[in-house]
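**Q** One structure follows; several queries about it will come next.
2 protein chains.
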Amino acid sequence: MPFTRFDRHVDRHARTFTERLQQLCRMPSVAARGTGMRAMAEAVEQQMRRSGAGTRVFKMGSGYPIIFGECGAGPRCFLAYGHYDVQPVGHLTEWSSGPFAAEIRDGRLYARGASNSKGDLIARLAAVETYQKVYGKLPVCVRFIVEGEAGVGSPSLYRFTQEHAELLHAEGCIWDEGAKDTKDRFQLSLGFKGIVFLELRVHGARTDLHSKWGAIVPNPAWRLVQALSTITSPKGVITIDGLSSHVAPISPEDQEALQNIELDEAGLKREFRIGNWIRGMRGAALVKEHIFGPTCTICGIHTGHTEAGAKTVLPSAAMARLDFRLVPDLTPEIVINLLREHLDMRGFKDIEIIELGSAPLAKSSAQSSVARAAMSAAQEIYNVPPVIYPLDPSSGPVGAVCGANTPPTPVVSFGTSYTGSNPHGPDENIRLEDFLESIKFFGRIIFHLGKQGRRESGIHKAYVASEHKK
Amino acid sequence: MPFTRFDRHVDRHARTFTERLQQLCRMPSVAARGTGMRAMAEAVEQQMRRSGAGTRVFKMGSGYPIIFGECGAGPRCFLAYGHYDVQPVGHLTEWSSGPFAAEIRDGRLYARGASNSKGDLIARLAAVETYQKVYGKLPVCVRFIVEGEAGVGSPSLYRFTQEHAELLHAEGCIWDEGAKDTKDRFQLSLGFKGIVFLELRVHGARTDLHSKWGAIVPNPAWRLVQALSTITSPKGVITIDGLSSHVAPISPEDQEALQNIELDEAGLKREFRIGNWIRGMRGAALVKEHIFGPTCTICGIHTGHTEAGAKTVLPSAAMARLDFRLVPDLTPEIVINLLREHLDMRGFKDIEIIELGSAPLAKSSAQSSVARAAMSAAQEIYNVPPVIYPLDPSSGPVGAVCGANTPPTPVVSFGTSYTGSNPHGPDENIRLEDFLESIKFFGRIIFHLGKQGRRESGIHKAYVASEHKK
Numbered sequence: 206m207p208f209t210r211f212d213r214h215v216d217r218h219a220r221t222f223t224e225r226l227q228q229l230c231r232m233p234s235v236a237a238r239g240t241g242m243r244a245m246a247e248a249v250e251q252q253m254r255r256s257g258a259g260t261r262v263f264k265m266g267s268g269y270p271i272i273f274g275e276c277g278a279g280p281r282c283f284l285a286y287g288h289y290d291v292q293p294v295g296h297l298t299e300w301s302s303g304p305f306a307a308e309i310r311d312g313r314l315y316a317r318g319a320s321n322s323k324g325d326l327i328a329r330l331a332a333v334e335t336y337q338k339v340y341g342k343l344p345v346c347v348r349f350i351v352e353g354e355a356g357v358g359s360p361s362l363y364r365f366t367q368e369h370a371e372l373l374h375a376e377g378c379i380w381d382e383g384a385k386d387t388k389d390r391f392q393l394s395l396g397f398k399g400i401v402f403l404e405l406r407v408h409g410a411r412t413d414l415h416s417k418w419g420a421i422v423p424n425p426a427w428r429l430v431q432a433l434s435t436i437t438s439p440k441g442v443i444t445i446d447g448l449s450s451h452v453a454p455i456s457p458e459d460q461e462a463l464q465n466i467e468l469d470e471a472g473l474k475r476e477f478r479i480g481n482w483i484r485g486m487r488g489a490a491l492v493k494e495h496i497f498g499p500t501c502t503i504c505g506i507h508t509g510h511t512e513a514g515a516k517t518v519l520p521s522a523a524m525a526r527l528d529f530r531l532v533p534d535l536t537p538e539i540v541i542n543l544l545r546e547h548l549d550m551r552g553f554k555d556i557e558i559i560e561l562g563s564a565p566l567a568k569s570s571a572q573s574s575v576a577r578a579a580m581s582a583a584q585e586i587y588n589v590p591p592v593i594y595p596l597d598p599s600s601g602p603v604g605a606v607c608g609a610n611t612p613p614t615p616v617v618s619f620g621t622s623y624t625g626s627n628p629h630g631p632d633e634n635i636r637l638e639d640f641l642e643s644i645k646f647f648g649r650i651i652f653h654l655g656k657q658g659r660r661e662s663g664i665h666k667a668y669v670a671s672e673h674k675k
Numbered sequence: 206m207p208f209t210r211f212d213r214h215v216d217r218h219a220r221t222f223t224e225r226l227q228q229l230c231r232m233p234s235v236a237a238r239g240t241g242m243r244a245m246a247e248a249v250e251q252q253m254r255r256s257g258a259g260t261r262v263f264k265m266g267s268g269y270p271i272i273f274g275e276c277g278a279g280p281r282c283f284l285a286y287g288h289y290d291v292q293p294v295g296h297l298t299e300w301s302s303g304p305f306a307a308e309i310r311d312g313r314l315y316a317r318g319a320s321n322s323k324g325d326l327i328a329r330l331a332a333v334e335t336y337q338k339v340y341g342k343l344p345v346c347v348r349f350i351v352e353g354e355a356g357v358g359s360p361s362l363y364r365f366t367q368e369h370a371e372l373l374h375a376e377g378c379i380w381d382e383g384a385k386d387t388k389d390r391f392q393l394s395l396g397f398k399g400i401v402f403l404e405l406r407v408h409g410a411r412t413d414l415h416s417k418w419g420a421i422v423p424n425p426a427w428r429l430v431q432a433l434s435t436i437t438s439p440k441g442v443i444t445i446d447g448l449s450s451h452v453a454p455i456s457p458e459d460q461e462a463l464q465n466i467e468l469d470e471a472g473l474k475r476e477f478r479i480g481n482w483i484r485g486m487r488g489a490a491l492v493k494e495h496i497f498g499p500t501c502t503i504c505g506i507h508t509g510h511t512e513a514g515a516k517t518v519l520p521s522a523a524m525a526r527l528d529f530r531l532v533p534d535l536t537p538e539i540v541i542n543l544l545r546e547h548l549d550m551r552g553f554k555d556i557e558i559i560e561l562g563s564a565p566l567a568k569s570s571a572q573s574s575v576a577r578a579a580m581s582a583a584q585e586i587y588n589v590p591p592v593i594y595p596l597d598p599s600s601g602p603v604g605a606v607c608g609a610n611t612p613p614t615p616v617v618s619f620g621t622s623y624t625g626s627n628p629h630g631p632d633e634n635i636r637l638e639d640f641l642e643s644i645k646f647f648g649r650i651i652f653h654l655g656k657q658g659r660r661e662s663g664i665h666k667a668y669v670a671s672e673h674k675k
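First to last, the sequence lines map onto chains S and B.
According to my numbering, the stretch in the first sequence is residues 206 to 675, in order.
According to my numbering, the stretch in the second sequence is residues 206 to 675, in order.
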């Protein structure tokens, strides 16, 4: 399919689209902090309207609004998920430029949220706008669902999926997670791991004490360390009683898909600056573990005095945050229950487990219409064939959104990022070249989704004619 | 000994002495932060001069000055140690009033440093001043050594003990550590545990990563937890290979002293708000462990994201701070070497051990002149007999100061604090009543030290006559 008029329009408006993205990136919208969220939600709605979408704003209780935008029409409907909140910025000193300066250097736009995932949102809206300017009406109905709580466990989105399931009826769902790999191969995911994010808390004396009491006063930090050390082995294997028996064997279809995935081990090691992977794994074993291995990650531990200055205290409390990424057939409930039993069995009944957030896993077939459209579009846009992930190692509320339909809506996911995007760390960035390519890619997906329908209804001639007018 | 004129002078000047203390407490002097240290050093020197001491200021390299003050004369010389720096304030929200407001409520002075240990410093200077105003010249030479780095490992004081050992020749040394116990019994210590304060560091990827990498990228937080869990048992016993064989058996003399020590277990439990002591110990076993048990305390752990907001990261680094309190015959070197071997043996060669500070232990006899003077003075001042600790569970550079002489200078230690003083936590405070009592106590110690000499030289009549003039 020649898509020259579309691409030319994108190239001609590259500066405009980039400036729109910069505008959004200059607005801090850290959900965990709560600053600037209202202004950001309004800006997102405005951008949607500019792209020709009819919008509705859903406010679930005291949560940040979900911006819902619909363009195109017809019985065939697809969801496009996005989020306008960003991760906390972390230590400012680690950033080369302000996290909300949206500075462009060497063709990269640096900003908290550029990669995760304001770049995707603006690119997809730009694609819809361009499509309509160049070809007229969209061939299918596209429903944007853009939330503001991706970084804090998406409570509003979960509620939304329950209260407005009718808006989620769709033939497919397009998520915004993904990045090119170290060899710059475009990645398409056909599913996501689930997640459960927990905080473990231990309490000791009412306040931090002078550490001279160390011989006789129980230290919650030691207790936490002893409890944690039973959860994984020194080799990094999860050792929670009974958990491994809940992990489903990998299906033959998925085994086959795994064979096409190659991790650029050397490139990633360089990128991460690490010497070895866990347990010295490599090759097929490494890929399999990455995609289908359940994880238990210590995301943070804090206890006592850790700032500058030698302060010898016996801490009054200790806490650890753990996230588990869930593969088939693990669920958040299974993990929490098994962990509770595991700790109780070892005398750690005093250790509190608080659930900070969770999401079920989502998984779909390569034969779904969204998967086929995305694969066709990727073949046209990218020089090398895309790498298909049967499961993305990351997680999100995608499980709840896709699960609103029975059977669950097929999902595909991809993003504007690359391996150097560092979406949860300092100097988050995207390459502007990738951003423009993303717009062109999303435009082609819309075209292919429409073509699938037209094949059945035979009404695709108008589009071809329109393109040939160029 | 009637000490009425001395006590009357103290009572008449109670407000002046209290205001001097407030003045010092209103000056922040957190060595770990470095703010206000110069002004505080000058204020200390001024207070010493006001008390009739000749002063010298020693600046060791770039450290905070040591203020040296000498009053009285004669061949018999005693050291009085103090420090003008204070601990970091911790979380401001946990304080009922500003840590440097020096607010007086219900007869208590609340301030960071009030208990640890500006109260002791001002009380001792006030005692020297009062003694001279009431009786004339001191009967012995008292040398104040007041440092500004007690909270950061006392590097200058260590250097001072090496470069100015001649100033440390003394018959006895009076330290400033100690507090009344929960039953308000005055405590006298005849020694201190040693200490070694370490930081363990583990490094992972070059930056915090998205935790979706948790199945394959090594997590330094897990590695730290696994390593730490081998250092103590779940029951709180230090399990470093070979360490217990370096702990000396308790001498018969110390066994006897232990029998006179009683921990107010119920009172302390209420104070600390804890249900049980380590391993459910109580009675004599608890006292023995508290005084003669080596400790390994996790003072702090930090890794990853622990602030508000659900940030699921795979941390790039993890660190723990451990302090070991050392009993006979453990030394900092023994602990560091054994810990290194212990970790290496278990495959944790990558875990860095950084020594943040250390001090040898100090221990002396109940028959020393300072011990006898302090016990006599305590019998006169306090209603109940003092409790003698053969070893104080706390530590400091006292080992280096006392070790400047051969044999080591006998040390006694006591303080103006009580069990509610919370010297390393929020709402640090002392009772003003204790503060005034401290002045009277220190005055009597000077008298008894002089009397010991006069017994030998027969020149004590002048003092008795002077007192009878009242």
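Just so you know, even glycine gets a beta-carbon here, dropped at the ideal spot from N, CA and C.
I need the straight-line Cα distance from C276 (chain S) to F211 (chain S), nearest angstrom please.
**A** As a working note, residue 276 (chain S) is residue 71 in the first sequence. As a working note, residue 211 (chain S) is residue 6 in the first sequence. Using only the alpha carbons, I get a separation of about 18 Å.
**Q** Please compile the residues from chain S whose C-beta is within a distance smaller than 8 Å of the C-beta of R530 (chain B).
**A** Taking the second sequence and counting its residues from 1, the one referred to as residue 530 (chain B) is at position 325. Correct list: S416, K417, G419, A420.
**Q** Are the stretch 422-436 of chain S and the stretch 602-614 of chain S touching by the rule of at least three beta carbon pairs closer than 8 Å?
**A** No, the stretch 422-436 of chain S does not touch the stretch 602-614 of chain S.
**Q** Rounded to whole angstroms, what is the Cα-Cα separation between H629 (chain B) and R243 (chain B)?
**A** In the second sequence, residue 629 (chain B) corresponds to position 424, counting from 1. In the second sequence, residue 243 (chain B) corresponds to position 38, counting from 1. Cα to Cα, H629 (chain B) sits roughly 22 Å from R243 (chain B).
**Q** Rounded C-beta distance between G353 (chain S) and P270 (chain S)? I'm assuming under 8 Å.
**A** Within the first sequence, numbered from 1, the residue matching residue 353 (chain S) stands at position 148. Within the first sequence, numbered from 1, the residue matching residue 270 (chain S) stands at position 65. Contact flag correct, Cβ pair sits at about 6 Å.
**Q** Does any residue of chain B have a CB that is nearer than 8 Å to the CB of I455 (chain S)?
**A** Start at 1 with the first residue of the first sequence, and residue 455 (chain S) comes out as number 250. Chain B contact via Cβ: absent.
**Q** Would you mind stating whether T624 (chain S) and E467 (chain S) have Cβ atoms separated by less than 8 Å?
**A** For this step, residue 624 (chain S) is matched to residue 419 along the first sequence. For this step, residue 467 (chain S) is matched to residue 262 along the first sequence. Taking 8 Å as the Cβ cut-off, T624 (chain S) and E467 (chain S) do not qualify as a contacting pair.
**Q** Would you tell me roughly how many angstroms separate the C-alpha atoms of K666 (chain B) and I651 (chain B), rounded to the nearest one?
**A** As a position in the second sequence, residue 666 (chain B) is number 461, starting the count at 1. As a position in the second sequence, residue 651 (chain B) is number 446, starting the count at 1. Here K666 (chain B) scores only 46 on pLDDT, less than 50, and its place in the model is too uncertain to base an answer on.
**Q** What are the boundary residues of the alpha helix (DSSP H) that includes Y594 (chain B)?
**A** Along the second sequence, read from residue 1 onward, the residue named residue 594 (chain B) stands at position 389. Here Y594 (chain B) belongs to no alpha helix (DSSP H); instead the beta strand (DSSP E) covers 592-594.
**Q** Note down, in chain order, all residues in the stretch 430-441 of chain B with a beta-carbon under 7 Å from any beta-carbon belonging to chain S.
**A** V430, Q431, L433, S434, T437, P439, G441
**Q** By the three-class DSSP mapping on this structure, what secondary structure does V669 (chain S) have?
**A** Residue numbering aside, residue 669 (chain S) sits at position 464 when the first sequence is read from its first letter. Interpretation of V669 (chain S) is limited by its pLDDT of 43, a score under 50 that renders its predicted location unreliable; the figure taken from the coordinates is listed afterwards. Helix, per DSSP.
**Q** Which partner residues of Q337 (chain B) appear in the DSSP bridge assignment?
**A** Mapped onto the second sequence, residue 337 (chain B) falls at position 132. DSSP, once it has assigned bridges, lists no residue as partnering Q337 (chain B).
**Q** Please determine, among S:K645, S:G658, S:H653, the residue with the shortest C-alpha to C-alpha distance to R217 (chain S).
**A** For the purposes of this step, residue 217 (chain S) is taken as residue 12 along the first sequence, with counting starting at 1. Comparing Cα-Cα distances from R217 (chain S) to each of S:K645, S:G658, S:H653, the minimum goes to S:K645.
**Q** Closer than 6 Å by C-beta to I496 (chain B): which residues in its own chain qualify, once you throw out the five before and the five after it? Chain order, please.
**A** Locating residue 496 (chain B) in the second sequence gives position 291, counting from the first residue. L596.
**Q** Between R255 (chain B) and chain S, is there a C-beta pair that is closer than 8 Å?
**A** Taking the second sequence and counting its residues from 1, one reaches residue 255 (chain B) at position 50. R255 (chain B) does not count as touching chain S.
**Q** List the residues that DSSP assigns as beta-bridge partners of V347 (chain S).
**A** On the first sequence, residue 347 (chain S) is found 142 positions in, with the first residue counted as 1. V347 (chain S) is bridged to S:C276, S:F283.
**Q** Under 7 Å Cβ-Cβ, which residues of chain S neighbour N424 (chain B)?
**A** Start at 1 with the first residue of the second sequence, and residue 424 (chain B) comes out as number 219. In chain order: T502, I503.
**Q** Rounded to whole angstroms, what's the CA-CA distance from M253 (chain S) to L330 (chain S)? Just pull it up for me.
**A** Locating residue 253 (chain S) in the first sequence gives position 48, where the first residue counts as 1. Locating residue 330 (chain S) in the first sequence gives position 125, where the first residue counts as 1. Approximately 7 Å between the Cα atoms of the pair.
**Q** Taking 8 Å as the limit between beta carbons, can you name the residues of its chain near G480 (chain B), skipping five residues before and five after?
**A** One-based indexing of the second sequence puts residue 480 (chain B) at position 275. Once the five neighbours on either side are set aside, the close Cβ partners of G480 (chain B) are K474.
**Q** Strictly below 8 Å CB to CB, what residues from chain B border P520 (chain S)?
**A** Position 315 of the first sequence, counting from 1, holds the residue named residue 520 (chain S). Those are I503, C504, G505, listed as they occur along chain B.
**Q** Quick check on the DSSP output: what are the complete alpha helix (DSSP H) runs of length 4 or more inside the stretch 454-537 of chain B, in order along the chain?
**A** 457-464, 470-477, 488-497
**Q** I need the straight-line Cα distance from M265 (chain S) to G303 (chain B), nearest angstrom please.
**A** For this step, residue 265 (chain S) is matched to residue 60 along the first sequence. For this step, residue 303 (chain B) is matched to residue 98 along the second sequence. Rounded to the nearest angstrom, the two C-alpha atoms are 41 Å apart.
**Q** Throw me the rounded Cβ distance for the R348 (chain S) and A375 (chain S) pair, which I believe falls under 8 Å.
**A** On the first sequence, position 143 is the one that residue 348 (chain S) refers to. On the first sequence, position 170 is the one that residue 375 (chain S) refers to. Right, their Cβ atoms sit about 7 Å apart.
**Q** Is the beta carbon of G396 (chain B) closer than 8 Å to that of L566 (chain B)?
**A** Along the second sequence, read from residue 1 onward, the residue named residue 566 (chain B) stands at position 361. Along the second sequence, read from residue 1 onward, the residue named residue 396 (chain B) stands at position 191. Going by C-beta atoms, L566 (chain B) is nearer than 8 Å to G396 (chain B).
**Q** Taking C-alpha atoms, which residue in B:H408, B:G399, B:A471 lies nearest to V452 (chain B)?
**A** On the second sequence, residue 452 (chain B) is found 247 positions in, with the first residue counted as 1. The residue with the shortest Cα to Cα distance from V452 (chain B) is B:G399.
**Q** What residues from chain B crowd round M486 (chain S), counting only those whose CB sits closer than 7 Å?
**A** If you number the first sequence from 1, residue 486 (chain S) lands on position 281. Under the 7 Å cutoff, chain B gives I421.
**Q** Determine, using beta carbons only, whether C378 (chain S) and V540 (chain S) come nearer to each other than 8 Å.
**A** Here residue 378 (chain S) corresponds to residue number 173 of the first sequence, with the count starting at 1. Here residue 540 (chain S) corresponds to residue number 335 of the first sequence, with the count starting at 1. No, the Cβ-Cβ distance between C378 (chain S) and V540 (chain S) is not below 8 Å.
**Q** Among residues of its own chain, excluding the 5 on either side of D459 (chain B), which ones have a beta-carbon nearer than 6 Å to its beta-carbon?
**A** Here the question's residue 459 (chain B) lines up with position 254 in the second sequence. Sequence-distant Cβ neighbours of D459 (chain B) in its own chain, meaning closer than 6 Å and more than five residues away, are P595.
**Q** Can we say the stretch 522-535 of chain S touches the stretch 441-450 of chain B, given the rule of at least three CB pairs closer than 8 Å?
**A** No: fewer than three Cβ pairs fall under 8 Å.
**Q** Take V333 (chain S) and list the residues in its own chain whose beta-carbon comes closer than 6 Å to its own, dropping the five residues that flank it on each side.
**A** By one-based count along the first sequence, residue 333 (chain S) stands at place 128. Here the set comprises S256, C276.
**Q** Let me make sure I understand the geometry here. Which of S:L637, S:A462, S:K385 has the alpha-carbon closest to that of G472 (chain S)?
**A** Mapped onto the first sequence, residue 472 (chain S) falls at position 267. Just measuring C-alpha positions, the residue of S:L637, S:A462, S:K385 sitting nearest G472 (chain S) is S:K385.
**Q** Examine chain B for any beta-carbon lying closer than 8 Å to the beta-carbon of R649 (chain S), and answer yes or no.
**A** Translated into the one-based positions of the first sequence, residue 649 (chain S) becomes position 444. Chain B, which has no Cβ nearer than 8 Å to the Cβ of R649 (chain S), makes this no.
**Q** Between which two residues does the alpha helix (DSSP H) carrying H214 (chain S) extend?
**A** On the first sequence, position 9 is the one that residue 214 (chain S) refers to. Start and end: 209-217.
**Q** Please list the terminal residues of the continuous alpha helix (DSSP H) segment that includes W681 (chain S).
**A** Residue 681 (chain S) falls outside the range modelled here, since chain S spans only 206 to 675, and no answer is possible.
**Q** Can you tell me which residues form a DSSP beta bridge with C378 (chain S)?
**A** By 1-based counting over the first sequence, the position of residue 378 (chain S) is 173. Secondary-structure assignment with DSSP links C378 (chain S) through a beta bridge to S:L284, S:V616.
**Q** According to DSSP, which residues form a beta bridge with E404 (chain B)?
**A** In the second sequence, counting from the first residue as 1, residue 404 (chain B) sits at position 199. Secondary-structure assignment with DSSP links E404 (chain B) through a beta bridge to B:R526, B:I559.
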